Amino acid sequence: MENISSIRHIAFIMDGNGRWAAARGLPRTAGHTAGAKAFRNIVEYCGDLGISTVTVYAFSTENWRRPQSEVTAIMKIFSEYLGYAEKECGKKNIAVRFLGDKSPFGEKTAARMTALEETTSGNFFTLNIAVNYGGRADIVHAVNKLISDGKKTVTEDDITGALYTAHSPSPDLIIRTGSEKRISNFLLWDCAYSEFCFSDVLWPDFDAKELDRCLEDYYGRKRRYGGL
Ligand code: FPP
50 MENISSIRHI
60 AFIMDGNGRW
70 AAARGLPRTA
80 GHTAGAKAFR
90 NIVEYCGDLG
100 ISTVTVYAFS
110 TENWRRPQSE
120 VTAIMKIFSE
130 YLGYAEKECG
140 KKNIAVRFLG
150 DKSPFGEKTA
160 ARMTALEETT
170 SGNFFTLNIA
180 VNYGGRADIV
190 HAVNKLISDG
200 KKTVTEDDIT
210 GALYTAHSPS
220 PDLIIRTGSE
230 KRISNFLLWD
240 CAYSEFCFSD
250 VLWPDFDAKE
260 LDRCLEDYYG
270 RKRRYGGL
């Protein structure tokens, strides 16, 4: 049994933007704008805490089914974030990686995403942004990659090494905000031994204090990895 000493990787399902906006009589897109601000603050705080890998679920393979106006608004927020990241991530020692197939974002945006990955690679903190990401799609993509490499049979290590997350350790802790208690196709392979924390706070209100509360809960647990 392992006492929990430090977190290397924390992942967030940032849920509740729409409800946060509705509670204020605002359009859902205002919730996503506030959510993007909370996201920047939390990444910064995780850096202050020395957590070396942070992963966020920003847009799933299923989120394309939302009304076009909402998808367009999220893409605009994402594009604005790219501009911010291009300026700030170098200064903050953050290496940005995108999890998911970039092609649906269009050539120009996909090229910006790849350029950001390249210019920030080697920085100390890793920020994985899951966009157009699905846990099942990630596993299928990994297996197809292995098949095209000529593999006839695969091991667990082969799949782990072919995922979009191959460069990161498995998440120690996955936090979902917004009261729902499900995984929603996030990091399906990676979460085998992750701890989970479900917060009732809506993502735009999720702050350092609420993260501290989740961490206190996490540090009170023991991890057994299937042993005794
Ligand atoms: C879930 O809340 C949130 C999303 C599907 C989008 C998340 C996007 C952001 C936080 C902003 C952009 C991200 C980056 C990386 C800049 P919901 O809309 O499902 O909320 P609800 O359950 O209350 O309806």
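Residues in the sequence shown are numbered consecutively from 50, following my numbering.
Ideal Cβ placement from N, Cα and C applies to all residues, glycine included.
As the structure is a computational prediction, the values presented were derived from the model and not from experiment.
Here's a check: name, in chain order, each residue in its chain whose Cβ is nearer than 8 angstroms to the Cβ of residue i, leaving out the five neighbours to either side.
i       : result
Ser-170 : Ala-144
Lys-86  : Pro-253
Val-41  : No answer is possible for residue 41: the residues shown for the chain start at 50 and end at 277.
Met-50  : Caution is warranted here: a pLDDT of 44 is assigned to Met-50, below 50, making its placement in the model unreliable, and the coordinate value is therefore given only provisionally. Closer than 8 angstroms at the Cβ level, and outside the excluded window around Met-50, lie Lys-271, Arg-272, Arg-273, Gly-276 and Leu-277.
Ala-159 : Lys-151 and Ser-152
Leu-93  : Note on identity: in this sequence residue 93 is Glu, with Leu being the wrong assignment. Around Glu-93: Lys-141.
Grab me the residues of residue i's own chain with a C-beta within less than 6 angstroms of its C-beta, minus the 5 sequence neighbours each way, in chain order.
i       : result
Ser-228 : Asp-249
Ala-122 : Thr-78
Met-162 : Phe-147 and Lys-151
Over what stretch of residues does the beta strand (DSSP E) that includes residue i continue unbroken?
i       : result
Asn-177 : 174 to 182
Ala-60  : 58 to 62
Gly-245 : In the sequence as presented, Gly is not what sits at residue 245; that position holds Phe. Counting along the chain, the beta strand (DSSP E) containing Phe-245 begins and ends at 244 to 247.
By how many angstroms is the C-alpha of residue j removed from the C-alpha of residue i?
i       : j       : result
Ala-83  : Asn-66  : 8 angstroms
Arg-225 : Cys-246 : 6 angstroms
Leu-195 : Asn-181 : 21 angstroms
Ile-100 : Asn-142 : 13 angstroms
Tyr-268 : Arg-89  : 24 angstroms
Leu-251 : Met-63  : 8 angstroms
Glu-259 : Asp-97  : 15 angstroms
Ala-257 : Ile-56  : 16 angstroms
Cys-263 : Thr-104 : 16 angstroms
Lys-125 : Thr-202 : 42 angstroms
Gln-117 : Gly-132 : 23 angstroms
Arg-185 : Arg-73  : 35 angstroms
Leu-212 : Gly-139 : 25 angstroms
For residue i, which residues in the same chain have their Cβ closer than 7 angstroms to its Cβ, ignoring the five residues on either side in sequence?
i       : result
Ala-70  : Pro-76, Arg-77, Ala-79 and Gly-80
Ala-200 : Checking the sequence, you will find Lys at residue 200 rather than Ala. The residues are Asp-207.
Ser-243 : Ser-219, Pro-220, Asp-221, Leu-222 and Ile-223
Pro-153 : Asn-181
Where do the ends of the alpha helix (DSSP H) carrying residue i lie?
i       : result
Phe-255 : Where Phe-255 is concerned, there is no enclosing alpha helix (DSSP H), given that its DSSP letter is neither H nor E.
Arg-114 : Premise fails: Arg-114 is in no alpha helix (DSSP H) and is neither H nor E.
Glu-93  : 77 to 97
Arg-225 : Unbroken run through Arg-225 is the beta strand (DSSP E), 222 to 225; no alpha helix (DSSP H).
Trp-69  : 66 to 71
Taking 6 angstroms as the cut-off, does the CB of residue i come closer than this to any heavy atom belonging to ligand 2?
i       : result
Ile-123 : Among the ligands present in this structure, namely ligand 1, ligand 2 is not found.
query = Could you give the uninterrupted runs of the alpha helix (DSSP H) lying entirely in the stretch 133 to 212, keeping only those of 4 residues or more?
reply = 156 to 169, 184 to 197 and 205 to 211
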